[in-house]
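Asks: Okay, here's the structure, questions in a sec.
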Amino acid sequence: MSQKNRLQDGGRIDRSKPLTFTFNGDSYQGYAGDTLASALIANGIDVIGRSFKYSRPRGFVAAGAEEPNAVVQLGATEATQIPNVRATQQSLYQGLVAASTNGWPSVETDFMGLVGKLGGKMMPPGFYYKTFMFPQSMWPTYESYIRKAAGLGRASKEKDVDRYDKMNQHTDVLIVGAGPAGLMAALSAARGGARVILADEQNEFGGSLLSSKETIDGKPAMDWVAEVVAELNQFDDVMMLPNSQVNGYHDHNFLTIQQHCTDQFADRAPNGAVAQRLHRVRAKWVVLATGAHERPLVFGNNDVPGCMQASAVSTYINRFSVVPGNELVLMTSNDGAYQTAIDWHDAGRHVVAIVDARKNPQGSLIDAARERGISIMVGSGVIEVQGSKRVTGVSVAPLNDVGDKVTGAIAKLKADTVASSGGWSPVIHLSCHTGARPVWDDEAIGFLPGPTVQKQLTAGAINGVFTTHAALSQGLQAGADALAHLGLEATDSSVPTTEDVTQGKAMALFHIPHNKPTSKAPKQFVDYQNDVTAAGIELACREGFESIEHVKRYTAMGFGTDQGKLGNINGMAIAAKALQKSIPETGTTIFRPNYTPVTFGAIAGRDCGELFDPKRFTAMHAWHVARGAKFEDVGQWKRPWYFPKDNETMQQALNRECLATRESVGILDASTLGKIDIQGKDAREFLGRVYTNAWAKLAVGKCRYGLMCGEDGMVFDDGVTSCLGEHHFLMTTTTGGAAHVLEWLELYHQTEWPEMEVYFTSVTDHWSTMTISGPNSRKLLEKLTDYDVSKDHFAYMDWKPMTVAGVPARVFRISFTGELSFEINVQANYGMHVWNALFEAGEEFNLTPYGTETMHILRAEKGFIIAGQDTDGSVHPFDLGMPWAVAMKKPFSFIGKRGMQREDCVRADRKQLVGLKTIDPNVVLPEGAQGVFDPKAPIPMPMVGHVTSSYWSACLGRSIAMGFVKGGHDKIGEKVYYPLADGRVVEAEICQPVFLDPKGERQHV
Amino acid sequence: MFHIFCPHCGEYREEEEFHAKGEAHIARPLDPDACRDEEWGEFLYFRTNPRGIHHELWVHAAGCRKFFNITRNTQTYEILEVYKLGEMPSVVAE
Amino acid sequence: MSETNQETLEQPPIKLVMNQLPDANVPFESPLHHVELTKIAEHSGSQGGVVFRELSLGLLTLRCTPNAEQAASIEGILGVALPSNPLTSITSANGELTVMWISPDEWLLQVPQDKAFELESRFFAEVSGHVSLVNVSGGMTVFELSGNDVVKVLKKSTPIDFHDSEFPVGKVVSSIFAKSGATICRTSEQTYQLVVRRSFADYLWLWLQDASKEYGLTVMG
Ligand SMILES: [Zn+2]
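Laid out in structure tokens, this is it:
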């Protein structure tokens, strides 16, 4: 066992539970309670990855969500790979397998490192824009090279074996962050009777208290936390969510939380368990108690492993019992960071020096450091560090009063660790997600949440107050405020007592000057993850970028998974200085969701595989499946497309289905057609207003085809509507248009004509609809009903109630094939029975099931349109050659009438629907092909319309097509040409779009 | 994701239950045939699209299927009121 | 043979009322017929956190804005007044009839399957004025979910708030359900009815099995 940096005792780890894990192929040991980061540090791992642009070795900087470098790939098997995991946020578990994502081919000897070291000039800021603009054809090459070298992680090549889930939550108060402020707010809200959700990204509640040596109410802070958590657990209406990152704050207090359920404990979720759950929370009030991130200082070579946030060093020591080095130099601009030197010293390691930029720091922590004999160098800064894979020493120089100039001789100290603190940046990310602009605060030396329209409260360090006492008292207040807004009363609670710590004034310092100009000094990193340096930001400003948003995009500062948690404020301060403005004048970029990367698994939840999208089935679906149907998606419906037999090709099956229908009888499951029951004394008048044709005289027992247009006069749906009673109609719509048509009818009824007495009820699913079509369809129907279905008693475009195969049915004699047809409708609970009976009775007629494709061919042979295929929202009934379906003389100006009479709609050269016969009858035009009148015209040729429907017609022994041609109705007999992508030019003759039985005799037998 | 109070159901529901139907109070001309092309074009295509206060028609598509109006701030996305068809907004732009 | 109003076609009726139930020898097939719930029930454990059952009922959609006279006739037929408060439902004393509020002018009536035609006929005969009653028994089915973990499964499927303070017994809502839709009614402390469209039934059944997996699912035949 070689956890060389592990202390003998202390910390919140369980030394009785050792865990073995693998990093970059080597096996290590840690303890339950470790993060992957703390376990690696315990084992003396300094280099965790290589940087994005310069490929410099990088180590741990932080201990939480703000860690920019320690982004690893997780997963013991291919199927369980997860990229972009912060080692600082990943709990250690037995058998964990992690690998560096940055650094290819290996972290230790990196190929790109060579490029980076050659002066680092290969990738200056704006690199992408400058270098890769041209030639565009090389982009894929560059991109794959850079991505591989930069190591942005990789997705699994196999199906993810874990289960993910989503859950909708409602709460009175959602509290984000379970540090002292969040816990106090939760306690106050819960005691007052509110419904509470408390979410925290860590595996334990406590926040800053987890690594603190403070006391609360006279006991160790974590004892107080344990009591609060125990009390909160008693409330039925309090939901406690540890391991849960609140990642997005959206409109109207809608927030998303990614909860790690099992992936913090195991590579794979145990059987049945959910690995991660995305909570979609609607909160009446939100309390942001998200705390603050410590800002490291910017100085030369500040990215060498061993340079860390001061507070992170304390966290590793106090919470994980790991000291990340032996010789510490602490660089600070404030009192708080002195605690790190004290913790380091108390852990038995050597503090080389505290380097304080202030001339005369005063306060209780400074006294405590002095008492321990720690050397303090005031008025000074660490201007650069030495080392490459680990810090070996530091250069310290005296600074002027404002900290922007080196004023004296440089001293060199030996050290392996440099902890730095430039103060704290409130975690305002979530507050920014809703569009609130952050506000600079000179006192806090940071941006605070800006004014918001959300029902949002804030408490603790997010407000720029950094003591435990302030966090507790603001948390208590936020809880009480939330209760008051909810109309609830706070029970009297008092702020728990804490120890007093007097702190001196901090200095606003971001960028430590070097004795050389920034551009010549060793690299001073601002954004580690995107390799943005102080020199790069100054260059961007010199190149003329004045807006901080532009500087961000030019330099890539705050991009990607990092979202500027550590670097943004430093970057803005450096830009402000370069632009000779103040920070508030320069402003800040804002943060977008998500706060940290969210797995695709959590986003998808169970909306994948079979459950990706709802599937709608008819009552006969099981039969279609058993019969080997191929299916086509029409909206969410699964409709039989065709029914191949034996080894038939699709075309062979279609030919057989078409011929069987035209020669004997075929059957189509038409249940998916939209059906709307319409009742009321004004139903007839209403139909007259929404359809283009006349409905005033349609008698009971009759059916009629209608076209529906928008106010612009363009066709959007069609179908047959039947008169069931004087005040009772059944409308049918296209399969895909059903919901839209129903909403359309309600829209006009509710907004324009509420005085009309009419009601609409969807009955689409209620009726199973089976269409038998072909010369033998009557004989087939006669076998199953006693009703007289002869030509004289049951005419074309009539409907009759009758009993079919023992089931009451409505039978409509309408035809979409041009053949004698009957559409049988029965309540869907009996659809399968009737369908089976039809097949039993139909055997002697070779009853042949057909699907949507044969339906399309048969109707195209007759020139019947399909709304949505032969229309696209830009064609009116006259374009379609259907003037017979428009009754211009109706008294009410029906929907579409005025629109189709606009100047543009009556042009003679509009694209009009015509039939198309290829000169070579064996060539089937591709649908979508664009026609031209002159195939020799120079490119770009003037296009005159496209092919909308095109098939091989087995009945006609040739191809048939329909399509739009400019002025086509006056060009019957003329030629149009279709230049195809493969170089062929197909010549076609413009014709009437009725290819079979133009007199319509077959359906009238 | 808006949280919308349906005035017919009498409670707040999630945006996914609703469909937005564009600007409210766009009445169909009573005599379309008497409209000049320009007037009809105005009715069909032209909308105010303001920055700030906006009156919108919505329908509770997955709920009661009733249409109603919303006054919404297009900058902040605040919904300032909901009101039934036939009613007029009480919050209007200056 | 079943009844139809075929002979009345000679004098055109205002509306078509039709008994849609077949001869007794014609099998009834619910939307989940192919699933064979009875067989699954034999093998499903009884300890699941979620209990599933399909109910086959007569369902009718009533559209009306009742005036006093209509309200009285309707109450006369149903034996209960139409619930006029949004999102409420009412069940008759004998439990045979439930009326769910859907919209200010729409209710869903649940009756035994063989009572649908009778109800429709009586409405046609007894309720004057503007009213529409449509048999939708074939177009919908009813899933009954119960058990200790039932609310968790509902929360995975719909954005409705099921907290006791927001969703008491008797409340009914129509909402998104698993990217489809459902009318959801709390019929007892731990029992919820989902009225779903027939065509979505198989998909929703798959969804519910999957959503219940972590709690265990008991199927009742
Ligand atoms: Zn509603």
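Residue numbers (the numbering used here), protein chains in the order written: chain A, 247 to 1251; chain B, 27 to 120; chain C, 8 to 228.
All residues carry an ideal CB built from backbone N, CA and C; glycine is no exception.
These numbers were taken from a predicted model, which means no experiment stands behind them.
Who are the Cβ neighbours of A:Gly310 in its own chain at under 6 Å, not counting the five residues just before and after it?
Replies: Within the same chain, A:Gly310 has close Cβ partners Thr334.
Asks: So what does A:Phe269 bridge to, in DSSP terms?
Replies: For A:Phe269, which the question treats as bridged, DSSP gives the partners A:Asp272, A:Ala344.
Asks: I need the residues with a C-beta less than 5 Å from some heavy atom of ligand 1; please give them in chain order.
Replies: Cβ atoms closer than 5 Å to ligand 1 belong to B:Cys32, B:His34, B:Cys35, B:His86, B:Gly89, B:Cys90.
Asks: Could you tell me whether any Cβ in chain A is nearer than 9 Å to the Cβ of C:Val141?
Replies: True, the Cβ-Cβ gap to chain A drops below 9 Å.
Asks: Report all residues from its chain with a CB closer than 6 Å to the CB of C:Lys163; omit the five preceding and five following residues, and keep chain order.
Replies: Closer than 6 Å at Cβ, skipping near neighbours: Ala218.
Asks: From A:Thr907 to A:Ser1019, what distance separates their C-alpha atoms?
Replies: A:Thr907 and A:Ser1019: Cα-Cα distance of roughly 6 Å.
Asks: Per the contact definition of three or more C-beta pairs closer than 8 Å, is the region 33 to 48 of chain C in contact with the region 151 to 161 of chain C?
Replies: Segments in contact, no.
Asks: Pick out whichever of A:Glu745, A:Asp727, A:Met977 has its Cα sitting closest to the Cα of A:Thr737.
Replies: With distances taken between Cα atoms, A:Thr737 lies closest to A:Asp727.
Asks: For chain A, is any of its Cβ atoms less than 9 Å away from the one on C:Leu211?
Replies: With 9 Å as the cut-off, C:Leu211 counts as an interface residue toward chain A.
Asks: With A:Leu825 as the anchor, note down where its beta strand (DSSP E) starts and where it stops.
Replies: That residue, A:Leu825, is in no beta strand (DSSP E); it is neither H nor E in DSSP.
Asks: Of all the options A:Phe545, A:Leu433, A:Ala868, A:Phe500, which has the alpha carbon lying nearest to the alpha carbon of A:Trp470?
Replies: Cα-wise, what sits closest to A:Trp470 is A:Leu433.
Asks: Rounded C-beta distance between A:Met468 and A:Gly452? I'm assuming under 8 Å.
Replies: Rounded, the Cβ-Cβ distance is 6 Å, consistent with contact.
Asks: Which of the three DSSP states is assigned to A:Trp385 in this structure?
Replies: Only weak support is given to the placement of A:Trp385: the predicted model assigns it a pLDDT of 47, under 50, and the question is left unresolved by the model.
Asks: By a C-beta neighbour count over all protein chains shown, 10 Å radius and 16 as the cutoff for buried, is C:Ser144 buried or exposed?
Replies: Looking at its Cβ environment, which holds 16 or more other Cβ atoms inside 10 Å, C:Ser144 is buried.
Asks: Output the distance between the C-alpha atoms of A:Asp746 and B:Thr74, rounded to the nearest integer angstrom.
Replies: If you take the alpha carbons of A:Asp746 and B:Thr74, they lie about 59 Å apart.
Asks: Could you name the residues of the same chain whose beta carbon sits closer than 7 Å to that of A:Ile829, not counting the 5 residues immediately before and after it, in chain order?
Replies: The answer, listed in chain order, is Trp686, Met818, Ala819, Ala822.
Asks: Hey, quick one: how far does the alpha helix (DSSP H) through A:Gly847 stretch, first residue to last?
Replies: That run of the alpha helix (DSSP H) goes 846 to 850.
Asks: Touching or not, the region 755 to 762 of chain A and the region 625 to 645 of chain A, by the rule of three or more beta carbon pairs under 8 Å?
Replies: These segments touch.
Asks: Across the region 570 to 578 of chain A and the region 544 to 562 of chain A, are there enough close Cβ pairs to call them in contact, namely three or more that are closer than 8 Å?
Replies: Counting Cβ pairs under 8 Å, three or more are found: they touch.
Asks: For the region 163 to 185 of chain C, enumerate the residues whose C-beta is nearer than 9 Å to any C-beta of chain A, in chain order.
Replies: Cβ contacts with chain A: Lys163, Ser164, Thr165, Pro166, Ile167, Asp168, Phe169, His170, Ser172, Glu173, Ala185.
Asks: Any idea if A:Glu789 is buried or exposed, counting beta-carbon neighbours within 10 angstroms, 16 or more meaning buried?
Replies: With fewer than 16 other Cβ atoms within 10 Å, it is exposed.
Asks: Spell out whether any CB of chain B is found under 9 Å from the CB atom of A:Ile849.
Replies: For A:Ile849, the answer is no, since every Cβ of chain B falls outside 9 Å of its Cβ.
Asks: How would you list, in chain order, the residues of chain B whose beta-carbon sits under 7 Å from the beta-carbon of C:Gln81?
Replies: It is Ile, not Gln, that sits at residue 81 of chain C in the sequence shown. Neighbours of C:Ile81 on chain B: none; closest Cβ ~19 Å, over 7 Å.
Asks: Quick one: complete beta strand (DSSP E) runs, 3+ long, within the region 488 to 530 of chain A?
Replies: DSSP runs (the beta strand (DSSP E)) wholly in the region 488 to 530 of chain A: 490 to 496, 500 to 506.
Asks: Work out the CA separation of A:Ala767 and A:Gly276 for me, nearest whole Å.
Replies: Answer to the nearest angstrom: the Cα atoms are 39 Å apart.
Asks: Does the beta-carbon of C:Pro73 have 16 or more other beta-carbons within 10 angstroms, so that it is buried, or is it exposed?
Replies: Burial call: buried.
Asks: Looking at the C-beta of B:Pro115, does it have a partner C-beta in chain A at a distance below 9 Å?
Replies: B:Pro115 does not count as touching chain A.
Asks: At a Cβ cut of 7 Å, what residues of the region 981 to 1009 of chain A count as close to chain C, listed as they run along the chain?
Replies: Those would be Glu1003, Tyr1005, Thr1007, Val1009, in chain order.
Asks: In its own chain, which residues sit with a C-beta less than 6 Å from the C-beta of A:Asp1150, not counting the 5 before and 5 after it?
Replies: Nothing meets the Cβ criterion.
Asks: Where in the region 1068 to 1092 of chain A do unbroken runs of the alpha helix (DSSP H), each at least 4 residues long, occur, reported from the N-terminal end onward?
Replies: As far as the region 1068 to 1092 of chain A is concerned, its whole alpha helix (DSSP H) runs of at least 4 residues are 1077 to 1088.
Asks: What in chain B is Cβ-close to C:Ile97, meaning under 7 Å?
Replies: Under the 7 Å cutoff, chain B gives no residues; its nearest Cβ is about 17 Å from C:Ile97.
Asks: What does A:Phe1179 pair with, by DSSP beta-bridge criteria?
Replies: In DSSP, A:Phe1179 forms no bridge with anything.
Asks: Which of the three DSSP states is assigned to A:Cys949 in this structure?
Replies: Looking at A:Cys949 - three-state DSSP - the assignment turns out to be strand.
Asks: So with CB distances below 8 Å, who are the chain B contacts of C:Gly188?
Replies: Neighbours of C:Gly188 on chain B, chain order: Ala88.
Asks: Within 8 Å, do at least three Cβ pairs link the region 106 to 125 of chain C to the region 57 to 73 of chain C?
Replies: With the cut-off at 8 Å, the region 57 to 73 of chain C and the region 106 to 125 of chain C touch.
Asks: Please state the DSSP three-state secondary structure of A:Leu694.
Replies: Reduced to three states, the DSSP call for A:Leu694 is strand.
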